[in-house]
Amino acid sequence: MPPQPARPDLRNSLIFRVIGMNILLLTVGIGVFTVFHYQRDRQNMLAVTTDGAEILMATIENAVFNSKCRGDAQKLQNTLEFIARSPSLRGVRIFNPHSGRIANSSRPDEIDQVVAADALALYRSGRSSALFQHDNEEVLSIVRPITSRSLCQDCHGTQEQVLGVLNLNYSMQSTAVRLAQSSRCFSLSMVFITLLLSAGVSFILLRYVRRPIQALTHRMAQVEAGEKNVRMVPKSTDEIGYLMRSFNSMVGRLEATQTELEQYHFRQMEQADRLAAIGEMATGMAHEIKNPLAGISGAVTVLADDLPVGDPRRQVVADILGQIDRLNKTATDLLHFGRPGQPQCSYVQLNEVVCETLFFVAQHPEACNVRQDLALQPDLPPIWADRKQIQQVVLNIIINALQAMPDGGSLRLTSELKCEQDQRCYVRLIITDTGVGLDVAQLERIFTPFYTTKTRGTGLGLAICRQLVKQNDGRISLVSTPGEGTSFTLSFPAAAPPEPAKEEEPA
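Residue numbers (our numbering): 99 to 605.
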């Protein structure tokens, strides 16, 4: 049973990350909205307070006008002191716009004093209101110029347009308290909504996502352990239900595929057993055939010696001997394919094997019309292989190349040293002909035993070549184009890395 993957704990699970991200986004979003809401409420309350103060100042201005016109200064003072009884007012005063000296005030001790610098600066800045800190308290200071009217020109003349500045300081403490209560209530509401939404999302994810995924993971582990009859019961029509139905379909197809594979494997094993039995039988038959063939060949040769020269029966005997040689070669190939000998390895120079093989090839009648082109790289490192088996492979491939060029052509043999990305170096021999070539269907079966593209032959030559190359830790491959030719590549590991060329020292 394969090891079960470790189940992630809640802190590392996807559900925990989704819940955490949900809470984080809600907290950030609600926090930003709370700040915006606080600023908006503050501006609204400030605007409402300012509007109320403006109305109050208009009332005070009318009272000032009436008192000044009647010359009743005490009534003006009483009016200012009465208005200042409001718990939110921190003082009402009238000061000179030029010197800043207070002419009238709800606090008698301020009269003839210089008004606060922030109130005078506010008036001179052209603004009507601003917030200041007075005695660790936020105060809304409002200024309103008292302009000259037609009745005032008898006393003040026509030059003075601003007769005084009315200043009112309004405490923002009660406004701040109401704003804090509103913000606190809003924040608590947002916290409650955040917790409610987080709890709802957590319940949905844990109940309808995490639990089905855990069940699906458990079922997948059972399938991995070899239980193919595992199925899941979808309880919904959402994505999770669709995933469960897909899982059931996948397991069903997997079970059917495994059954087909087991049946196919059983048939392959039966066929392999039959082929092995046939191979053993063919090897035994070849061994039994070779000995009688040798005796028949010797007897026919003795009979041929008794025939006079020119006797037409000599041709018949020659044909018999040719067919006997063919049967002997077929039996020999069967023995080599069924019982290949173990390689007797030694250090072999591939270029020397090629030259020796070409000497034997030159005696072949089909080599007369073929031009040989050698491109052998000198100083190649040796390979660790069986010399006779390598020579047999090269000879077989060259003979096939000659037979693929019945009307003549070109045979090119190239040797080289090729180093791959894994730093392993291979000595390669490339045998290229300009024959008829092979199509795709022939390339797929060219190394299959008993498959041949020639009218004569057993179809074991290339199968034996691949077997011998593999025994010597080599690789064989080919590329072919119909009508252009075929190229075989033999690669063997270099027994020793190439020595770097030494630079000649200057004389």
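Glycine is no exception: its CB is placed at the ideal position from the N, C-alpha and C atoms.
Cutoff 8 Å: residue i Cβ touching any chain E Cβ
{"i": "A278", "result": "The question asks about chain E, but that chain is absent: this structure has only one protein chain."}
Residue i (DSSP reduced to helix, strand or coil)
{"i": "S203", "result": "strand"}
{"i": "Q231", "result": "strand"}
{"i": "N570", "result": "coil"}
{"i": "D471", "result": "strand"}
{"i": "C517", "result": "strand"}
{"i": "F193", "result": "strand"}
{"i": "V213", "result": "coil"}
{"i": "T587", "result": "strand"}
{"i": "N267", "result": "strand"}
{"i": "I113", "result": "helix"}
{"i": "A593", "result": "coil"}
{"i": "T86", "result": "Coverage of the chain is limited to positions 99 through 605, which leaves residue 86 absent and any answer about it impossible."}
{"i": "P103", "result": "Interpretation of P103 is limited by its pLDDT of 47, a score under 50 that renders its predicted location unreliable; the figure taken from the coordinates is listed afterwards. Of the three classes helix, strand and coil, the one that applies to P103 here is coil, per DSSP."}
{"i": "L478", "result": "coil"}
{"i": "L607", "result": "Residue numbering for the chain in the displayed model covers 99 to 605; residue 607 lies beyond these limits and cannot be assessed."}
{"i": "R522", "result": "coil"}
{"i": "R351", "result": "helix"}
{"i": "V446", "result": "strand"}
{"i": "I418", "result": "helix"}
{"i": "P243", "result": "strand"}
{"i": "A219", "result": "helix"}
{"i": "D531", "result": "strand"}
{"i": "A402", "result": "helix"}
{"i": "S578", "result": "strand"}
{"i": "A605", "result": "Low confidence applies here, because A605 scores a pLDDT of 43, under 50, leaving its location unreliable; read the following figure in that light. Three-state DSSP puts A605 in coil, outside helix and strand."}
{"i": "L536", "result": "coil"}
{"i": "V459", "result": "helix"}
{"i": "A151", "result": "helix"}
7 Å Cβ shell around residue i - same chain, five flanking residues per side excluded
{"i": "L303", "result": "I113, V116, I117"}
{"i": "F545", "result": "L560, A561, R564"}
{"i": "S589", "result": "Y524, R526, G572, R573"}
{"i": "L220", "result": "A228, S239, V241"}
{"i": "S98", "result": "Outside the displayed span of the chain (99 to 605) sits residue 98, for which this structure offers no information."}
{"i": "S285", "result": "T132"}
{"i": "A402", "result": "R412, V415"}
{"i": "N449", "result": "L474, L478, S513"}
{"i": "M503", "result": "V468, D531, T532, G533"}
Nearest-angstrom beta carbon gap, residue j and residue i [assumed within contact, 8 Å]
{"i": "W482", "j": "Y445", "result": "6 Å"}
{"i": "R191", "j": "E179", "result": "Their Cβ separation, rounded to whole angstroms, is 12 Å, which puts R191 and E179 out of contact at 8 Å."}
{"i": "S296", "j": "I121", "result": "5 Å"}
{"i": "T530", "j": "S585", "result": "4 Å"}
{"i": "E159", "j": "L264", "result": "6 Å"}
{"i": "I200", "j": "D216", "result": "With a Cβ gap of about 14 Å, I200 and D216 do not count as contacting."}
Under 8 Å between C-beta atoms of residue i and residue j
{"i": "P332", "j": "R317", "result": "no"}
{"i": "S226", "j": "R242", "result": "yes"}
{"i": "V459", "j": "I496", "result": "yes"}
{"i": "Q576", "j": "S513", "result": "Before going on, a small fix: residue 576 reads as Leu here, not Gln. Not a contact, by the Cβ cut-off of 8 Å."}
{"i": "F290", "j": "L314", "result": "no"}
{"i": "L229", "j": "E235", "result": "no"}
{"i": "P195", "j": "V130", "result": "no"}
{"i": "V162", "j": "L144", "result": "no"}
{"i": "Y268", "j": "S186", "result": "yes"}
{"i": "P480", "j": "Q569", "result": "no"}
{"i": "H232", "j": "R276", "result": "no"}
{"i": "D484", "j": "C443", "result": "yes"}
{"i": "L566", "j": "V451", "result": "no"}
{"i": "Q244", "j": "G262", "result": "The sequence given here has Ile at residue 244, not Gln. Contact flag set, yes."}
{"i": "L515", "j": "A593", "result": "no"}
{"i": "E464", "j": "L500", "result": "yes"}
{"i": "T579", "j": "I528", "result": "no"}
{"i": "G408", "j": "N467", "result": "no"}
Beta-carbon contacts of residue i that lie in its chain and below 6 Å, excluding the five residues immediately before and after
{"i": "R469", "result": "S508"}
{"i": "T148", "result": "S227"}
{"i": "C517", "result": "C523"}
{"i": "S281", "result": "Y136"}
{"i": "Q320", "result": "V328"}
{"i": "G198", "result": "V212, V213, L218"}
{"i": "A605", "result": "In this prediction, A605 scores a pLDDT of 43, lower than 50, which makes its location untrustworthy; the coordinate-derived value is nonetheless stated afterwards. Same-chain partners within the cutoff: there are none."}
{"i": "R308", "result": "I113"}
Neighbourhood of residue i by C-beta, 8 Å cutoff - its chain only, sequence neighbours within 5 removed
{"i": "L493", "result": "T455, F458, V459"}
{"i": "L154", "result": "I181, L266"}
{"i": "D471", "result": "S508, L509, R510, L511"}
{"i": "S347", "result": "none"}
{"i": "K326", "result": "V349, L352, E353, Q356"}
{"i": "T292", "result": "I121, L124, T125, I128"}
Any non-hydrogen atom of the ligand ZN closer than 7 Å to residue i Cβ
{"i": "P441", "result": "With respect to the ligand ZN, the structure shown offers nothing to examine, as it has no ligands at all."}
Runs of 4 residues minimum, wholly inside the segment 267-313: which ones carry the alpha helix (DSSP H) assignment?
271-303
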